[in-house]
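Below: one structure, written as structure tokens.
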Amino acid sequence: MDALRSKTTRRNVLRGIAAAAASSALACPSYAQSSARVVVIGGGFGGASCARALRKINSRLRVTLVEPNRIFTACPFSNEVIAGLRGIDAQQFGYEKIAADGVTVIAQAATKIDPKARTVGLAEGTSLSYDRLVLAPGIDLRFDALPGYDEAAAEKMPHAWKAGAQTMLLRRQLEAMEDGGVVAIAVPATPYRCPPAPYERASLIAHYLKAKKPRSKILILDAKDGIPQQRLFEHAWKKFYPGLIERIALSEGGRVVSVEPATNTLVTEFGNHDVQVANVIPPQKAGMIASLAGAADNTGWCPIDPMTFGSKLVPNIHVIGDAVIGGSVPKSASAASAEGKACAAIVASLIAGTPPQSPTFEGICYNTVAPGYAFFMSGSYHPRDDLFAEIPGSGFTSPVNGNGLEEVRKREADQAQAWFNTITVETFG
Ligand SMILES: Cc1cc2nc3c(=O)[nH]c(=O)nc-3n(C[C@H](O)[C@H](O)[C@H](O)COP(=O)(O)OP(=O)(O)OC[C@H]3O[C@@H](n4cnc5c(N)ncnc54)[C@H](O)[C@@H]3O)c2cc1C
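Each step along the sequence shown adds one to the number in this note's numbering, with nothing skipped, and position 320 is 1239.
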């Protein structure tokens, strides 16, 4: 009965969208035929994929990508950079191929959005007009959420949760640490970007310490009890890094409630930890431009209609990637890129005045815990009850036990590398 009702509701929603799109096309007859203007803010996995897909779907669309950085530095695989297994240049990508696809790339930050006038203000003072706007600004770190942790503190206690200078700072601190030191990783409560990545990071830092500074330790101070793929991580830690990684969960007093950068101290409800290297991953929110647009709610994230990625708070604005809240889609590059493509198809349909298809997309996440040893989880998502939900039966995860596991983990490590190569080529060329 519920399923029937939800199908009916979905059909009604679809009809509503189609009717709205059709009526807006009718109200402005040239709208559907002319080359409509789509502005995409944020040239990461979500935004760059969306801009490219829009031009592939309809080469008459005038697509502009607004991104302040001329070089994008990817987070996936940045934990390997921190562990000294990979150079930062392997993480970096330019926008030349996207521009060659006919996307106008503007290397400035968007600083203002006027949803009524449908304009985007740029850092250098000019502005752009749009028919539809896609927001893909990723995350911002909440420097107001953890007492003692602000932008200055991040220079002493790096978060390394946006890849680039912070990644290299954490790497240098590990290199400079004497053998016998403690490396702490403070993990926030969900939602945050890439839920398993702190544990992948702990694993790969442990790999480095085991080889170079074997008397050292890693302390994970966690604001959660359970972690993604917990059995797989714990199994791998026992196998590769026995005694090297200690995790204190929320219920054991692991939540960091404040920090003291001067002494590299992490304060929890159960006591203080003075450490040699402090990797503090603070709470997060959608990139600032989302709240300036009025698209973020009081959680700091952007609620959307999953049928269209349309903001629930501002008309003619779509939101994709990490900035979105609602449903079970993990904040990952894989999902952001898939959302970018799905959103492009919807925006192109709305512009053409044709009913958009209900979006369905996949996400996959690999965790590398040692060179040549990885595991994954994946799922497919669709709109359900006004949120994105995992399609029942679509979720897969690597086996915990069984025969031939070494081979399986090796294969999954190779697949992880192949996944990264594919997604970055698809996104950046
Ligand atoms: C350590 C780590 C490891 C990870 N590993 C994986 C992994 O293995 N697999 C995986 O799938 N995901 C992984 N992720 C998650 C992944 O990096 C993010 O989920 C993904 O980047 C989200 O894409 P996005 O487009 O929403 O944001 P981003 O890729 O961050 O892109 C946002 C872009 O918006 C731009 N921007 C922000 N504000 C403005 C503005 N005002 N004007 C113009 N541009 C703006 C930014 O400069 C940025 O380029 C990892 C994350 C971390 C931290």
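For each residue, glycine too, the CB sits at the ideal point set by N, CA and C.
Check whether residue i and residue j have beta carbons under 8 Å apart
i, j, result
"Gly1259", "Gly966", "yes"
"Ala1026", "Ile960", "no"
"Arg989", "Gly1013", "yes"
"Thr1297", "Glu1281", "It should be noted that the sequence gives Ser, not Thr, for residue 1297. Yes, Cβ-Cβ distance for Ser1297 and Glu1281 is below 8 Å."
"Arg1051", "Val1266", "yes"
"Ser1230", "Ile1239", "no"
"Ser1048", "Gly1021", "no"
"Ile1283", "Phe1295", "yes"
"Arg1166", "Val1319", "no"
"Val1186", "Tyr1068", "no"
"Pro1275", "Pro1302", "no"
"Ile1001", "Val1106", "no"
"Phe991", "Phe1315", "no"
"Val1039", "Val982", "no"
"Pro1180", "Ala1064", "no"
"Thr1042", "Pro1110", "Looking at the sequence shown, residue 1042 is not Thr but Ala. Cβ distance not < 8 Å, so Ala1042 and Pro1110 don't count as in contact."
"Val1285", "Ala1335", "The residue you asked about is not Val; residue 1285 is Tyr in the sequence shown. Yes. Within cutoff."
Proximity winner among the options, relative to residue i (alpha-carbon distances)
i, options, result
"Gly1206", "Ile1139, Pro1225 and Arg1061", "Arg1061"
"Ser1317", "Leu1089, Ala1103, Pro1222 and Phe1152", "Phe1152"
"Glu1074", "Tyr1118, Ser1048, Asn1183 and Arg989", "Asn1183"
"Gln1203", "Val1233, His1237, Ala1108 and Val1039", "Ala1108"
"Val957", "Gly963, Phe964, Ser968 and Leu973", "Leu973"
"Val1053", "Ser968, Ala1308 and Gly1291", "Ser968"
"Ile1146", "Asp1304, Pro1249, Ala1009 and Glu1325", "Pro1249"
"Ser1372", "Asp1008, Glu1309, Lys1131 and Pro1275", "The chain is shown only over 920 to 1348; residue 1372 falls outside these bounds and no answer can be derived."
"Ala1332", "Asp1304, Ala1130, Thr1187 and Thr1287", "Thr1287"
"Gln1160", "Gln1336, Ala1181 and Lys1129", "The amino acid occupying residue 1160 in the given sequence is Tyr; Gln does not appear at that position. Selected option, being the one with the closest Cα: Lys1129."
"Glu1325", "Pro1311, Lys1158 and Thr1038", "Lys1158"
"Lys899", "Ala1064, Gly1099, Val1344 and Pro1114", "One cannot answer for residue 899 here, as it falls past the ends of the chain, which runs 920 to 1348."
"Ile1032", "Ala1289, Thr1045 and Thr1023", "Thr1045"
"Phe1339", "Ser1253, Asn1322, Ile1164 and Thr1023", "Ser1253"
"Ile1058", "Leu1163, Ala1337 and Gly962", "Gly962"
"Ile1139", "Thr1023, Val1101 and Ala1335", "Val1101"
"Gly1162", "Gly1190, Glu1188, Phe1189 and Ala1125", "Ala1125"
"Gly1099", "Leu1041, Lys1131, Pro1290 and Leu1123", "Lys1131"
"Leu980", "Glu1015, Thr1023, Pro987 and Pro1110", "Thr1023"
"Ala1009", "Glu1070, Pro1066 and Thr1086", "Thr1086"
"Asp1305", "Pro1311, Met1226, Glu1345 and Ser1313", "Met1226"
"Pro1290", "Glu1015, Glu1097 and Ala1155", "Ala1155"
Check: residue i C-beta below 7 Å from any heavy atom of ligand 3
i, result
"Trp1220", "For the structure depicted, ligand 3 is absent and the ligand set comprises only ligand 1."
Inter-residue CB distance, residue i and residue j (contact presumed, cutoff 8 Å)
i, j, result
"Tyr1127", "Leu1093", "6 Å"
"Ala970", "Ile1017", "6 Å"
"Ile1270", "Ala1036", "So it is not a contact: roughly 19 Å between Cβ atoms."
"Tyr1292", "Lys1329", "7 Å"
"Arg1112", "Asp1216", "The Cβ separation is near 18 Å, so there is no contact."
"Cys1262", "Phe1307", "Going by Cβ atoms, the distance from Cys1262 to Phe1307 rounds to 12 Å, so no, they are not a contact pair."
"Ala1168", "Asp1141", "5 Å"
"Ile1244", "Thr1218", "6 Å"
"Val1176", "Pro1034", "About 38 Å; that fails the 8 Å criterion."
"Arg1343", "Ala1019", "Before going further, note that residue 1343 is Thr rather than Arg in the sequence given. Actually they are not in contact, since the Cβ atoms of Thr1343 and Ala1019 sit about 16 Å apart, beyond 8 Å."
Do three or more CB pairs link the segment 1066-1080 to the segment 1159-1174 at distances below 8 Å?
Output reads no: the segment 1159-1174 does not touch the segment 1066-1080.
State whether the segment 1185-1201 contacts the segment 1135-1143, with contact taken as three or more CB pairs (one from each stretch) at a distance under 8 Å.
Between the segment 1185-1201 and the segment 1135-1143 there are three or more C-beta pairs closer than 8 Å, enough to call the two in contact.
Examine the Cβ distances between the segment 987-1005 and the segment 1079-1093 and report whether three or more of them are shorter than 8 Å.
Inter-segment contact for the segment 987-1005 and the segment 1079-1093 is present: three or more beta-carbon pairs are separated by less than 8 Å.
Does the segment 1206-1226 come close enough to the segment 1112-1128 that 3 or more CB-CB pairs lie under 8 Å?
No, because fewer than three Cβ pairs between the segment 1112-1128 and the segment 1206-1226 fall closer than 8 Å, the two stretches do not touch.
Any contact between the segment 973-984 and the segment 1217-1230? By contact I mean 3 or more CB pairs, one from each, below 8 Å.
By the C-beta criterion, the segment 973-984 is judged not to be in contact with the segment 1217-1230, since fewer than 3 inter-stretch pairs fall below 8 Å.
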